[in-house]
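First the structure, in the form of structure tokens, and then the observations on it.
Numbering (my numbering), first residue to last: 31 to 188.
This is the structure:
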């Protein structure tokens, strides 16, 4: 994967301004701190999503809202936009509201279906984030081992 492909992949899951700020905080050439922080967030997030999947068939809206609020609060400062949006939707639906914030009069089954879709969105976003960050870690390692031939700056075409 070249630098342009990596940038596009990262841009799909992360706010690149926030990601750039995380990189600036790294003191090492290998970007170990930022990639470790992001990977730790992804792993912790996956555990929360797994708990949400367990709460869903139990119709435990309180647990779903709590987990999504917790995940949302962590996702925003790290720039995980899609995770943040899905969590906000789960909170609204879990509170018996539609995605658009209007009072929903449909059955719990309708709400469960909407939440299930958002949980799938969370899983998809986490998989994309994990793939992008793993690619980034590989390129960071290459830069450390092979020198400055690998460029982490924003591609000139963007």
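Cβ atoms here follow ideal geometry from the backbone N, Cα and C, with glycine treated the same way.
Everything numeric in this text was worked out from a predicted model, so none of it was measured.
query                                                                                                : result
Run of the alpha helix (DSSP H) containing residue 122, from where it starts to where it stops       : 111 to 124
Cutoff 6 Å; reference residue 114; Cβ partners in own chain excluding five residues on either side   : 102, 105, 106
Terminal residues of the alpha helix (DSSP H) in which residue 62 lies                               : 62 to 85
Exposure of residue 277, with buried meaning 16 or more beta-carbon neighbours within 10 Å           : Because the chain in this structure spans residues 31 to 188, residue 277 falls outside the shown range and cannot be described.
Residue 141 to residue 156 span [Cα, whole Å]                                                        : 22 Å
Where residue 89 sits in the DSSP three-state scheme                                                 : coil
Residue 110 and residue 159 closer than 8 Å at C-beta                                                : yes
Residue 69 versus residue 75 - alpha carbon distance                                                 : 10 Å
Alpha-carbon to alpha-carbon, residue 64 and residue 53                                              : 6 Å
Rounded Cβ spacing between residue 100 and residue 77 (contact assumed at less than 8 Å)             : 11 Å between Cβ atoms; not a contact.
Sub-8 Å separation of residue 123 and residue 152 beta-carbons                                       : no
Cβ-based neighbour list, residue 117, same chain, cut-off 6 Å, excluding 5 preceding and 5 following : 98, 101, 102
Residue 44 (DSSP reduced to helix, strand or coil)                                                   : coil
Residue of 108, 121, 71 minimising C-alpha distance to residue 90                                    : 121
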